[in-house]
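Okay, so here's the structure we're looking at.
Numbering (full-length UniProt numbering), first residue to last: 1 to 141.
Below, the structure written as structure tokens:
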């Protein structure tokens, strides 16, 4: 699909968008860099902030599944799913001995477990700590 830029309306819209982009106003609450700051005085190396960690994913998944098996129990005889476990609770339990574990690595490991073990992830309308948390349930069969 070709756009005809010769149309006067299109030109006006493009000019208005350009003006909006070029004339952004900032207020005093914006986190803008200080123009008077000499960044050459900041002597830091990005490598100082990086920490190399090695995580045994198989071991992490085993520990996560052990917690899920312990916490997700049978609640009704006619229900095919267990009780639910919050992801944040699982994360707290798994990071008690693993301070270097990131939320992203834990979540990806959980996604692997969901795929491998047939777990169920879901959200309901409940907001916990200002956000919707993820619930985990396991099949009882």
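Each residue gets a CB set at the ideal place from its N, CA and C atoms; glycine is no exception.
Reducing DSSP to helix, strand and coil, say where residue 67 ends up. In the structure shown, residue 67 sits in a helix (DSSP, three-state: H, G or I).
Do residue 94 and residue 63 have their beta-carbon atoms positioned less than 8 Å apart in this structure? Contact flag set, yes.
Return helix, strand or coil for residue 58, following the three-state DSSP convention. In the structure shown, residue 58 falls within a helical segment according to DSSP collapsed to helix, strand and coil.
Out of 78, 138, 85, point me to the one whose CA is closest to residue 114's CA. Nearest C-alpha to residue 114: 138.
DSSP state of residue 1 mapped onto helix, strand, coil: Because residue 1 sits at a pLDDT of 46, beneath the cut-off of 50, its placement in the model cannot be relied upon, and the following sentence gives the value as read from the coordinates. Assigned with DSSP and collapsed to three states, residue 1 falls in coil, not helix or strand.
For residue 136, which of helix, strand or coil comes out of DSSP? DSSP places residue 136 in the strand class (E or B) of the three-state scheme.
Exposed or buried, which one is residue 1 when buried takes at least 16 other CB atoms within 10 Å? For residue 1, the predicted structure reports a pLDDT of 46, less than 50, and the residue's modelled location is therefore unreliable. A value from the coordinates is still provided. Exposed: under 16 other Cβ atoms inside 10 Å.
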